[in-house]
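In the numbering used here, the protein residues as written are 470 to 522.
Encoded as structure tokens, the structure appears first; notes follow it.
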């Protein structure tokens, strides 16, 4: 699998995860996760680190 394919799948998975989270917890869950990512490693940066050799 190519790196761009991995990142695309990763983004789709994240999208599905966020939609599920929103359906279950509403806006509060999204805000909670977003602040966790802002305080930690941003999602894009995390994806790049995973796919980097």
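All residues carry an ideal CB built from backbone N, CA and C; glycine is no exception.
Quantities reported herein were computed from a predicted structural model and do not represent experimental measurements.
What three-state label does DSSP hand residue i in the structure shown?
i	result
residue 446	The structure shown does not extend to residue 446, since the chain is modelled only from 470 to 522, so the question has no answer here.
residue 521	coil
What residue range does the alpha helix (DSSP H) around residue i cover?
i	result
residue 475	472-494
What separation, rounded to the nearest whole angstrom, lies between the Cα atoms of residue i and residue j?
i	j	result
residue 472	residue 520	6 Å
residue 477	residue 493	24 Å
residue 506	residue 499	11 Å
residue 497	residue 474	31 Å
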